[in-house]
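Novice: Before we start, here is the structure in question, set down as structure tokens.
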Amino acid sequence: PQITVDPGEVETNMVFAGLPEGAAAPLQKHLLDRGILINRGEPQIRLVTHLDCGVDEIDLFVEEVQGFFA
């Protein structure tokens with residue numbers, strides 16, 4: 007897998023995900039070009055959903071991340 011998440015650690019609307027080395031900056035740009043903002047670090051990114059973010063937006067995010075790593 008390209009992104010790793012420990013579901014046992016997820017207790018809020020924040021998810022910390024591990025990325026392959028060097029992937030955070032290109033992924034951030036890819037998503038920003040599509041109107042999706044993420045905070046990045048290396049090798050981990052922090053994902054936070056907004057109160058008004060629904061299933062459709064989450065699905066779009068997942069599709070865009072999958073497209074990036076395809």
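The numbering of the sequence shown is the working numbering, which starts it at 7 and goes up by one. Glycine included, C-beta positions come from ideal geometry on N, C-alpha and C.
Give the straight-line distance between the Cα atoms of GLY14 and PRO49, rounded to the nearest whole angstrom.
Specialist: Their Cα atoms are separated by approximately 19 Å.
Novice: Given that a residue counts as buried once 16 or more other Cβ atoms are within 10 Å of its Cβ, and exposed if not, what is ILE64?
Specialist: ILE64 comes out exposed.
Novice: Output needed for PRO26: all residues of its chain with C-beta closer than 8 Å, excluding positions within five of it in sequence on either side, in chain order.
Specialist: If we look at PRO26 and ignore the five residues flanking it on each side, its Cβ neighbours are GLN8, PRO49.
Novice: Cutting at 7 Å between CB atoms, please list the residues of its own chain near ASN19, excluding the five before and the five after it.
Specialist: Answer for ASN19: VAL54, THR55, listed in chain order.
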